[in-house]
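Residue numbers (my numbering): 94 to 738.
Backbone N, C-alpha and C fix where the C-beta goes; we use that ideal spot for every residue, glycine too.
Just so we're clear, the structure is a prediction, and the values are computed from it rather than from any experiment.
A short write-up of the structure that comes next.
So, in structure tokens, the structure goes:
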């Protein structure tokens with residue numbers, strides 16, 4: 094019986110309930126479903142990424158039916174093919190193009206100037222790393238070119254000039270004069286002259302053909318103070334005095350500021366910044382290694398509208414000020430990763446205060462080795478249903494108690510990272526309490542002889558004392574598993590039904606027992622089980638059966654994963670795009686054949702140090718998979734190289 098013919102509007106409405114990946118699959122069923130998937134409601138903020146090739150010409154022409162889109166075109170150069178690609182973009186997509194990025198390209202000024210006048214509706218332009226445009230210092234030096242570009246870019250809102258080594262004052266002035274309504278400017282990694290030369294009365298490098306000066310940057314900020322709200326000066330040599338000058342520009346009201354890797358900044362300069370720019374909503378201070386808890390207190394005191402704060406790798410920061418930080422009512426994201434002196438106790442104090450407090454949705458405590466179970470038990474109760482992303486990678490003191498607390502009190506989690514938490518075992522994932530190990534009485538206490546410190550060498554006379562992390566947990570029995578199945582909705586990780594990313598790398602106490610029973614998340618997209626020596630093909634097949642939405646799967650250094658497991662699992666993972674199998678010793682060329690049959694969407698593959706895989710088979714796989722971009726195959730059959738396709 095044939096299905097009734099439905100109007101495209103009805104089909105579009107039905108398809109709107111599907112996940113985007115499911116909708117892509119549905120569009121391949123028949124032409125009517127494909128046409129319904131082209132509905133304008135599904136085509137908002139769509140960006141297409143492709144390298145320069147002959148096939149990209151037809152693809153660009155086909156994009157002409159889209160009302161709005163963005164492009165990321167790589168590997169452009171001065172060839173005739175690159176010229177033809179840009180010509181087609183200007184001809185078919187000019188007034189419809191929202192954004193344009195040209196990564197990994199060496200485009201000439203003539204090619205870009207031939208395209209820009211056609212892009213009359215462009216909102217975002219990414220020229221990151223395009224040194225070939227600015228090396229001569231003559232970019233936009235002709236008046237007629239500047240008029241054409243200014244006419245096209247008058248509505249440009251975002252300009253990315255990151256990692257330009259040869260950006261000069263003149264080139265910077267010419268380009269920014271064509272963009273009078275900027276809302277966002279990125280100069281990350283650029284060579285900017287922030288130091289002041291007292292003899293010349295101007296910044297060092299002022300007038301240089303290879304440096305942008307602080308004077309010109311301040312001039313731009315003054316001219317566009319009413320519109321500019323986002324500034325990225327990451328990885329520059331900005332000084333405390335320069336930051337104070339920028340913060341005090343009249344009329345400038347920044348909302349987003351990134352100073353990642355600016356190692357010269359001090360607490361005093363940050364205090365001035367917080368007072369002058371108290372409307373900041375996003376502040377990135379990662380790897381600003383001279384900052385201390387004074388900066389945290391300044392942020393907590395002045396930035397009442399702050400929504401996102403990153404203090405990652407700020408090693409001098411302690412718990413001091415974190416309690417006050419938790420009183421910011423708008424704060425939604427906090428990154429304290431690699432803040433080695435943070436224990437998290439003050440976070441709990443701040444969150445338990447009666448006054449309005451932060452409603453965190455994202456929290457990263459990666460490599461905060463002082464975090465303990467007691468702190469996590471308190472934090473999980475205080476964070477409750479708001480938290481969606483939690484990173485506890487390398488919090489090496491956490492045990493199964495923390496896992497049970499997470500499963501009990503954080504039901505809305507979407508991302509959970511527990512990599513390198515080596516004390517986590519099957520009991521924690523199952524939500525069960527491990528019975529006492531020494532449950533059998535001993536007939537007689539044995540004489541253990543003299544005891545030694547753990548650093549005392551074993552000379553053959555006595556056995557050195559065992560270390561805590563060398564003790565293996567009691568294995569889960571069938572009786573224990575039966576009890577879990579009866580009460581599995583308790584504190585088991587299975588309670589986090591909305592999980593989309595899970596990292597259990599190097600949690601070496603985990604076995605098939607918990608992986609097969611707990612990892613059953615229909616929406617899970619990214620999973621890492623690398624360095625779990627006890628899991629086998631049973632875990633792989635169970636994961637593939639219960640987690641059909643996986644796009645990324647990491648199984649590196651899992652010695653029991655074999656071709657047989659891959660043959661049973663890969664046919665179930667139709668969406669898989671990234672697969673990591675490095676150091677899987679029993680994986681052979683047969684797995685590559687299985688991948689070529691069932692993983693036609695694969696983009697990244699790592700088979701490094703798989704001794705039974707040959708380079709010839711890797712080459713054959715490359716020819717069969719159209720989307721494969723990168724293959725890591727170091728030390729495969731004696732070879733040592735990476736294939737970027």
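Rounded distance between the beta-carbons of residue j and residue i, thought under 8 angstroms
| i | j | result |
| --- | --- | --- |
| residue 451 | residue 419 | 5 angstroms |
| residue 396 | residue 433 | Not quite, the Cβ-Cβ distance comes to about 24 angstroms (not below 8 angstroms), so this is no contact. |
| residue 719 | residue 691 | Going by Cβ atoms, the distance from residue 719 to residue 691 rounds to 14 angstroms, so no, they are not a contact pair. |
| residue 740 | residue 460 | What is shown of the chain runs 94 to 738, which leaves residue 740 out entirely. |
| residue 283 | residue 329 | 6 angstroms |
| residue 347 | residue 370 | 5 angstroms |
| residue 616 | residue 592 | 7 angstroms |
| residue 458 | residue 430 | 7 angstroms |
Beta-carbon gap between residue i and residue j smaller than 9 angstroms
| i | j | result |
| --- | --- | --- |
| residue 383 | residue 359 | yes |
| residue 226 | residue 200 | yes |
| residue 162 | residue 191 | yes |
| residue 469 | residue 444 | no |
| residue 271 | residue 233 | yes |
| residue 405 | residue 380 | yes |
| residue 257 | residue 220 | yes |
| residue 589 | residue 614 | yes |
| residue 669 | residue 644 | yes |
| residue 193 | residue 215 | yes |
| residue 261 | residue 285 | no |
| residue 621 | residue 512 | yes |
| residue 207 | residue 187 | no |
| residue 462 | residue 499 | no |
| residue 725 | residue 686 | no |
| residue 440 | residue 412 | yes |
| residue 255 | residue 321 | no |
| residue 491 | residue 464 | yes |
DSSP state of residue i mapped onto helix, strand, coil
| i | result |
| --- | --- |
| residue 153 | helix |
| residue 162 | strand |
| residue 190 | strand |
| residue 616 | coil |
| residue 725 | strand |
| residue 708 | helix |
| residue 147 | coil |
| residue 124 | helix |
| residue 330 | coil |
| residue 129 | helix |
| residue 325 | strand |
| residue 720 | coil |
| residue 286 | strand |
| residue 594 | strand |
| residue 110 | coil |
| residue 316 | helix |
| residue 302 | Confidence in residue 302 is poor, its pLDDT being 47 and thus under 50, which makes the residue's placement too unreliable to answer from. |
| residue 98 | coil |
| residue 279 | strand |
| residue 686 | helix |
| residue 220 | coil |
| residue 178 | helix |
| residue 142 | strand |
| residue 184 | helix |
| residue 117 | helix |
Length of the line joining the Cα atoms of residue i and residue j
| i | j | result |
| --- | --- | --- |
| residue 480 | residue 129 | 36 angstroms |
| residue 603 | residue 428 | 28 angstroms |
| residue 103 | residue 501 | 41 angstroms |
| residue 674 | residue 594 | 18 angstroms |
| residue 654 | residue 631 | 9 angstroms |
| residue 315 | residue 338 | 11 angstroms |
| residue 639 | residue 678 | 26 angstroms |
| residue 476 | residue 425 | 11 angstroms |
| residue 179 | residue 275 | 24 angstroms |
| residue 386 | residue 364 | 11 angstroms |
| residue 689 | residue 642 | 19 angstroms |
| residue 181 | residue 223 | 21 angstroms |
| residue 414 | residue 345 | 28 angstroms |
| residue 134 | residue 118 | 17 angstroms |
C-beta neighbour in chain B for residue i, strict 9 angstroms
| i | result |
| --- | --- |
| residue 725 | This model lacks chain B altogether, as it is built from one protein chain only. |
*Which ranges does the beta strand (DSSP E) cover as unbroken runs of at least 3 residues, wholly within the segment 442-523, from first to last along the chain?*
455-457, 482-484 and 508-510
*Can you list the alpha helix (DSSP H) stretches of 4 or more residues lying completely in the segment 337-387, in chain order?*
360-369
*asked:* At 4 residues or longer, what runs of the alpha helix (DSSP H) sit wholly inside the segment 634-668?
replied: Qualifying alpha helix (DSSP H) stretches, in chain order: 656-662.
*asked:* Which runs of the beta strand (DSSP E) at least 3 residues long sit entirely within the segment 225-270? Give them in chain order.
replied: 251-253
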